[in-house]
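Residue numbers (this note's numbering): 392 to 660. Don't be surprised by glycine CBs; every beta carbon is placed ideally from N, CA and C. Structure first, then comments.
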């Protein structure tokens, strides 16, 4: 397995593409579909026809703006459907957001408008928490994050190593403790969010926000982690003025893979 970083920007970037990835394994699998997806794929020399699967972390526009275009292209140009891998709650949000735009089309003679279903464009494969999910030859584990809309963080597991992708999340230990105390999250979810579920990965792409972070993770909270965990982190979801940090910044076009001995290899763009 090799993971390519497609975009590293946050929702409001004009400098980068929105944060997204491409799993290069037996098949190509997108992780999220940012704005200007087709231009991004062209720049990475990826034929959209070769992408039949996507993992969607949540429905916010910087992660799904390119999904509608890809779904339409697959059906009306390529004559196929896209397979969407995600958690059940994220899928229901996707259907609610996108279904109005996919609820009707023309008849072949253009004389009638006929009803369609979202499933006419996409096949849903549910990622199940705590179970073994396999996409091509990559095992996928996930957690539900703390974010305003159902959102997942990921672990991509290959025979040689594990890549963690935080997804949009508010990693703030004091907040997570309060959420658990008040019953907003259960004990299992708390352990995955505040414990070492993500930190056990061999390399971690983690979102970041500088200053008083809102719905995202602050740089200060990441810097408070142990040296061992910090050494694994590469920052994503960057604001345009986020140019430096004690933690390394991921770069668009970089690829990460694992040597035969499990060593993490980051290939520069």
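Quiz item: On the three-pair Cβ rule with 8 Å, is the region 621–631 touching the region 430–449?
Solution: no
Practice problem: Return the Cβ separation of residue 594 and residue 623 in integer angstroms, given the expectation that the two are a contact with Cβ distance under 8 Å. | Solution: 5 Å
Practice problem: Would you be able to state if there are at least three C-beta pairs under 8 Å between the region 601–614 and the region 576–591? | Solution: no
Quiz item: Among 600, 575, 563 and 541, which residue has its Cα nearest to the Cα of residue 616?
Solution: 563
Quiz item: Ordered along the chain, which non-local residues of its own chain (more than five positions away) have a Cβ less than 7 Å from that of residue 509?
Solution: 486, 489, 490 and 493
Exercise. Quick one: give me the first and last residue of the alpha helix (DSSP H) that residue 519 is part of.
Key: No alpha helix (DSSP H) holds residue 519; DSSP gives it neither H nor E.
Exercise. Measure the alpha-carbon distance for residue 513 versus residue 462 and round it to whole angstroms.
Key: 7 Å
Quiz item: Is it true that the CB of residue 543 sits closer than 9 Å to the CB of residue 535?
Solution: yes
Quiz item: Can you pull the DSSP bridge partners for residue 583?
Solution: Bridge partners of residue 583: none, in fact.
Self-check item: Backbone secondary structure at residue 481 - three-state DSSP
Solution: helix
Self-check item: Bridge partner(s) assigned by DSSP for residue 649
Solution: 655
Exercise. Tell me whether residue 521 is buried or exposed, calling it buried when 16 or more other Cβ atoms sit within 10 Å of its Cβ.
Key: exposed
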